[in-house]
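Asks: Residue numbers (UniProt numbering): 1 to 955.
All C-beta atoms in this analysis are idealised placements derived from N, C-alpha and C, irrespective of residue type, glycine included.
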C-alpha cells in the first residue's frame with residue numbers, strides 16, 4: 001500500500017532521490033544522515049533557528065482547484081487600452097507545440113550551440129522578421145521589454161557620442177512616447193548623468209548638447225506623424241534617432257529604417273504572445289550595421305562547423321557583460337528567447353500576406369469605429385492613425401463614458417480631455433457594436449452601427465509601406481498546420497532540453513519545471529489581462545502577488561519585496577538603485593564605490609556601473625573565499641565613499657564562506673550596504689538566509705531557485721527583497737500604484753514585471769510547502785556532494801568548505817590535463833554522451849562547474865558520473881599515446897549522425913567509440929548533435945545575423 005499522504009505527493013514528484021537512493025548516496029558520500037551532511041556543509045553560525053513561515057504543502061490537484069478560485073477574482077473585460085499591450089490570437093499550433101511544450105521551455109541559453117541548432121534557427125527567424133519589419137539590417141535576439149530596449153538605445157548612443165563630445169548629454173523624448181518607457185528612461189539616465197527632456201516633438205531644439213532623440217511611431221496617442229524632416233535635421237547635427245514602433249503597424253507604415261532611424265525598438269507581444277498582465281514578452285532592437293558591435297543583448301549569427309556545414313551560434317560574445325565585466329555597456333544577461341521564438345513562428349505561420357491582412361483588418365476596423373463615433377457626434381482628434389482613436393471629450397463626458405464602459409465590461413484609456421481606444425486582431429463585429437453602444441448611451445442616442453464602407457487608409461500616402469517584407473522562404477513555407485507542426489518539431493529535435501537529460505549547469509539551477517506549475521500561465525483569466533487595467537479587476541493576481549511577496553520575504557528573512565524586475569540582472573540593477581537612493585536620501589550622494597569580489601558573476605560589475613558606481617575588485621584566496629584582509633583594506637580606504645558590497649552566497653565557487661557575517665558587518669561598519677546576488681539561493685532556502693548572514697538586499701532568480709523554466713534563454717524574473725532601511729525605495733511605476741513611499745523610477749515596463757510567470761513560483765511554494773522547499777535545498781546539497789564523491793580521485797574538486805563538503809555546486813579542475821585536452825573538449829564530448837556541458841570556464845578558466853539540482857534521481861546522476869569517468873579514461877588514452885593527440889574522440893567531439901553513418905570514416909578510433917562509448921546510450925539516452933564543432937571565429941569574421949539565402953539551407 002502507498003503510505004505517501006495526499007499532501008506529500010508533489011514533494012516526491014519534485015525531488016529526485018527516493019528513500020532507498022538517499023541511503024545509498026549518503027553511504028557513497030560518507031555521511032551518516034542527511035542532517036549530518038547539512039551540518040558539515042552549512043556553517044552553524046548562519047543556520048536558521050526556526051522553520052520558514054510558509055504554508056503547508058498542497059497536492060497538485062488541491063493546488064489547481066484552489067487556483068481556479070483565485071483566478072475567478074480576475075475580471076477579463078474587453079480591453080482597448082493599448083500603450084504597447086494588445087489582444088492577440090496565439091495560433092493553437094504554436095501554443096500547443098512551443099508555449100506548452102517542455103521540449104522548448106526547458107532548454108538552456110544556447111551557449112553550447114551544437115545542441116541548440118533548432119532554437120538558434122528560430123531566433124534567427126525572429127531577428128530576420130524584426131530586420132524586415134523595421135527596415136534595418138541587424139537585430140538582436142530580443143530584450144526584456146520595450147522600455148528597457150529604449151533605455152538601452154539611449155545608453156548606446158550616449159556612449160557613441162561621448163567619444164566625440166563631452167557636453168552632449170541631453171536626450172530629447174517625445175511626449176507621445178509611452179509613459180512606462182519614459183519612466184524607464186529616467187531610471188537609466190540618472191546614474192549616467194544623462195538629461196532626459198520630455199516635450200512635444202514640435203518643441204525639440206537640436207543643439208550641441210543633444211546626443212539623441214526618441215520618437216513613438218505611431219505616437220502614444222495613436223497619431224501617425226511624418227518624422228522624415230526631423231530625422232534629416234538630427235543627422236545633419238550628428239544626433240542619433242531612435243524610434244519606438246509597433247511591428248504590426250509596420251506592415252502598413254513605411255518602416256523607420258527607410259526614413260533614416262538609427263535604431264528601432266519595441267515589443268513583439270502582439271505577434272501571438274498573450275498579454276499576461278504585463279509579460280513575459282520579447283522586446284526587439286534593430287539598428288544600423290555600424291552599431292553591430294555595440295548592440296545590447298544576444299545576436300544569433302551564421303557560421304560553419306569543422307566540416308564546413310552551415311551552423312548557427314551566438315555571435316560577438318566578446319562584447320557581453322560576462323566577458324567585459326565593468327567595461328560592459330549593458331548588464332543584459334537574460335533575453336526573452338521563448339517569446340521571441342513564438343513571435344517569429346507567428347510571422348512564419350501567417351507569412352507576409354497574412355501579417356498584412358491582419359494589419360489591414362485592424363486598421364479597417366478602427367476606421368469603421370471612427371466613422372460610427374463621428375456619426376454620434378464625437379470628434380476624433382488624429383487625422384492619421386493605425387489602430388488607435390483619440391476621442392476628444394470634456395471631463396463630464398469622459399467620466400460618463402468610463403462609467404458606461406465599465407458597466408459593459410469594457411476598458412478604454414483615459415488621458416486628460418479624451419478617451420483613447422486601441423483595437424487589435426481579436427476585435428469582432430460584436431465588440432464594435434458593444435463599443436458603439438457605450439458611446440451612444442452617453443449621447444442618449446439610438447444604436448445604429450454601420451460596419452461596412454471602409455474608406456481609403458487613414459495613413460499619409462508618403463508613409464504607406466511600399467517595400468516587401470518577410471520574403472525569405474521560412475516565412476512562406478509553413479502556412480498549413482501540418483507544415484508548421486512538423487517544422488516546429490524538426491527544430492525541437494535539434495535541441496537538448498530537460499526532456500532528454502539533466503542539464504548540470506553550475507549557477508544556473510536547471511531544476512524540474514513542473515507541469516502543474518506551468519499550466520495556469522495559459523489560463524485565460526491570467527493570460528488575457530492588460531497590465532494597466534484598474535487593479536480592482538485583477539484581484540486574483542493581486543492576491544498571488546501579496547502572498548508570493550510574503551513567501552519570498554520569509555525565504556530571505558527580509559521585510560519587503562518588489563516583483564517588478566524581469567530578469568536577474570535587472571534585479572541586481574534594481575537592488576543597487578535602492579542602495580543608491582538610500583544614500584542620497586541620507587545626504588550621502590558621494591557614496592558611489594561598490595566592492596565586488598573577483599569571482600563575481602559578470603553581471604555584478606556591469607550592473608554596478610549602470611547604477612553609477614565605481615567598481616573596486618576584491619581579491620579571493622586560494623580556497624576561493626573572499627580575501628577578508630584585502631576587503632578590510634579596501635573598505636577602510638574607500639570608507640568615506642563606500643556604497644555597497646556585492647557578494648554571492650554560497651560563493652560563486654560553491655562554498656559557504658564561514659566568515660560571511662564578519663564580512664557583512666565590516667561593510668556596515670564603514671557605512672555601506674550589502675547586496676547579495678541570489679544566484680545560489682537554491683543552497684540557502686530553509687537553511688539560512690540573506691538577512692541571517694547580514695545582507696540588506698538580494699535579488700532572487702525565479703528561473704533558478706523557484707522553478708520558472710529558462711525557456712532557451714529567457715524568460716526570467718529577478719524580484720528583489722530588502723530590509724526596512726531600503727523598503728521605502730522599492731521601484732514605483734508611472735501608471736499603476738506600487739513600490740515604496742520614496743520609490744525609484746520603474747525598472748521594468750510593467751508594474752509587476754512578467755506577471756504571468758510569477759504563477760510558476762507561487763505554485764512551487766504552495767505545492768512544496770514549508771517542508772518541501774527546505775527539503776529541496778537539502779537534496780540539492782546531497783546531489784552535488786554525491787557527484788563530488790563519485791568523481792573525486794579521478795578529477796580534482798577545486799574548492800570545498802572547511803569540512804570538505806560542497807554546497808549545491810562544485811568545480812572540477814581540468815587544467816591538469818591542458819597539455820592533452822581543453823575544458824571545451826570535455827564540454828563537447830559530453831554531448832556524445834547525451835548531456836549538456838556544465839558551466840564552462842566560469843568562475844575559473846579551464847574548469848567546469850556542476851550543479852545537479854534536487855530534481856535529479858540517483859540513476860541520472862550515475863549516468864552523468866559514468867560519462868565523466870569514461871571521459872577521464874579517454875583523456876588518459878591520449879596522455880599515454882594510445883590515442884592520436886591531435887585527432888581523438890575529445891578533439892573531434894561532438895560526432896553527428898551524418899558523420900558516423902558516412903561511407904568514409906576518417907578517424908583511427910571506431911564509430912562505436914565515437915557515438916556509443918557507454919551501454920546506456922543504446923537504451924534510449926542517445927542525443928545526436930545536428931552539427932559538429934562550430935567555428936566561432938569564422939562566424940564573427942563573416943557576420944550574418946539574418947536568414948541567409950535559401951541556397952545556403954541546401955548545402
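Tell me which same chain residues have a C-beta within less than 6 Å of the C-beta of residue 954, skipping the five on either side of it?
Replies: Residue placement at residue 954 cannot be trusted, given a pLDDT of 39 that sits under 50; what the coordinates show is reported in the next sentence. The answer is none, since no qualifying residue turns up.
Asks: Can we say the stretch 158 to 166 touches the stretch 208 to 215, given the rule of at least three CB pairs closer than 8 Å?
Replies: Flag = yes, the stretch 158 to 166 and the stretch 208 to 215 touch.
Asks: I need the straight-line Cα distance from residue 373 to residue 351, nearest angstrom please.
Replies: Roughly 33 Å separates the two Cα atoms.
Asks: Does the separation of the CB atoms of residue 626 and residue 605 fall below 8 Å?
Replies: Not in contact: residue 626 and residue 605 (Cβ atoms no closer than 8 Å).
Asks: Going by DSSP, which residues form a beta bridge with residue 385?
Replies: Bridge partners of residue 385: 223.
Asks: Can you give me the Cβ contacts of residue 899 inside the same chain, cut-off strictly under 6 Å, excluding the 5 residues immediately before and after it?
Replies: Closer than 6 Å at the Cβ level, and outside the excluded window around residue 899, lies no residue.
Asks: What residue range is occupied by the uninterrupted beta strand (DSSP E) comprising residue 211?
Replies: Note, residue 211: beta strand (DSSP E), 210 to 217.
Asks: Our contact map puts residue 265 next to residue 153 with C-beta atoms below 8 Å; I'd like the distance itself, whole angstroms only.
Replies: About 6 Å; that satisfies the 8 Å criterion.
Asks: Since residue 103 and residue 855 should fall inside the 8 Å C-beta cutoff, what is the C-beta to C-beta distance between them, to a whole number of angstroms?
Replies: Going by Cβ atoms, the distance from residue 103 to residue 855 rounds to 17 Å, so no, they are not a contact pair.
Asks: Could you tell me whether the Cβ atoms of residue 271 and residue 142 are closer together than 8 Å?
Replies: Contact flag unset, no.
Asks: Closest to residue 146 by C-alpha separation, out of 804, 891, 754, would be which residue?
Replies: If we check each option's Cα against that of residue 146, 754 comes out closest.
Asks: Does residue 931 come out as helix, strand or coil in the three-state DSSP assignment?
Replies: The answer is coil: DSSP assigns residue 931 none of H, G, I, E or B.
Asks: Hey, is residue 823's beta-carbon within less than 8 Å of any beta-carbon in chain B?
Replies: Structure shown: chain B not included; a single protein chain is present.
Asks: Report the residue from 305, 481, 367, 226 whose alpha carbon sits nearest the alpha carbon of residue 92.
Replies: For the residues 305, 481, 367, 226, the minimum Cα distance to residue 92 belongs to 481.
Asks: In whole angstroms, give me the CA-to-CA distance for residue 852 and residue 862.
Replies: So the two alpha carbons sit approximately 11 Å from each other.
Asks: Is residue 839 helix, strand or coil by DSSP?
Replies: Strand at residue 839.
Asks: Taking 8 Å as the cut-off, decide whether the C-beta atoms of residue 583 and residue 643 are in contact.
Replies: Cβ distance < 8 Å, so residue 583 and residue 643 count as in contact.
Asks: According to DSSP, residue 74 sits in a beta bridge with which residue or residues?
Replies: For residue 74, which the question treats as bridged, DSSP gives the partners 538.
Asks: Using DSSP with H/G/I as helix, E/B as strand and the rest coil, what is residue 162?
Replies: Here residue 162 sits in helix by DSSP.
Asks: Please work out which residues of its chain come closer than 7 Å, Cβ to Cβ, to residue 333, disregarding the five sequence neighbours upstream and downstream, and give them in chain order.
Replies: 321, 567, 568, 569, 603.
Asks: Can the beta-carbon of residue 540 be found less than 8 Å from the beta-carbon of residue 525?
Replies: Going by C-beta atoms, residue 540 is nearer than 8 Å to residue 525.
Asks: For residue 413, name the three-state secondary structure that DSSP assigns.
Replies: Three-state DSSP puts residue 413 in a strand.
Asks: Just the C-alpha distance for residue 945 and residue 649, rounded to the nearest angstrom, thanks.
Replies: Going from the Cα of residue 945 to the Cα of residue 649 covers about 38 Å.
Asks: Restricting to runs no shorter than 3 residues, where is the beta strand (DSSP E) found entirely within the stretch 843 to 931?
Replies: Segments of the beta strand (DSSP E) lying fully in the stretch 843 to 931: 847 to 850.
Asks: Could you pull the start and end residues of the beta strand (DSSP E) that residue 267 belongs to?
Replies: Counting along the chain, the beta strand (DSSP E) containing residue 267 begins and ends at 263 to 267.
Asks: Once DSSP output is grouped into helix, strand and coil, what is the label at residue 584?
Replies: It is helical.
Asks: Let me know the secondary structure DSSP gives residue 555 once reduced to three states.
Replies: DSSP places residue 555 in helix when its eight states are reduced to three.
Asks: Just the C-alpha distance for residue 61 and residue 652, rounded to the nearest angstrom, thanks.
Replies: Taking the straight line joining both Cα atoms gives about 38 Å.
Asks: Give the secondary structure of residue 399 by DSSP, where H, G and I count as helix, E and B as strand, and everything else as coil.
Replies: Note: residue 399 maps to helix in three-state DSSP.
Asks: Can you list, in chain order, the residues of its chain with a C-beta nearer than 7 Å to that of residue 256? Leave out the 5 residues immediately preceding and following it.
Replies: 134, 135, 217, 243, 245, 264.
Asks: How about the stretch 806 to 814 and the stretch 451 to 466: do they share at least three Cβ pairs that are nearer than 8 Å?
Replies: Result no; under three Cβ-Cβ pairs closer than 8 Å.
Asks: With a threshold of 8 Å, are at least 3 pairs of Cβ atoms found where one atom belongs to the stretch 493 to 505 and the other to the stretch 46 to 53?
Replies: Taking 8 Å as the limit for Cβ pairs, the verdict is that the stretch 46 to 53 does not touch the stretch 493 to 505.
Asks: For residue 919, count neighbouring C-beta atoms within 10 Å of its own C-beta (all shown protein chains included) and say buried if the count is 16 or more, exposed if not.
Replies: By the neighbour-count rule (16 or more Cβ atoms within 10 Å), residue 919 is not buried but exposed.
Asks: Considering only the beta carbon of each residue, do residue 312 and residue 117 sit closer than 8 Å?
Replies: In contact: residue 312 and residue 117 (Cβ atoms closer than 8 Å).
Asks: Out of curiosity, what's the CA-to-CA distance linking residue 674 and residue 586?
Replies: Cα to Cα, the separation comes out at about 17 Å.
Asks: Determine the direct distance from the alpha carbon of residue 292 to that of residue 388, and round the result to whole angstroms.
Replies: The straight-line gap from Cα to Cα measures roughly 34 Å.
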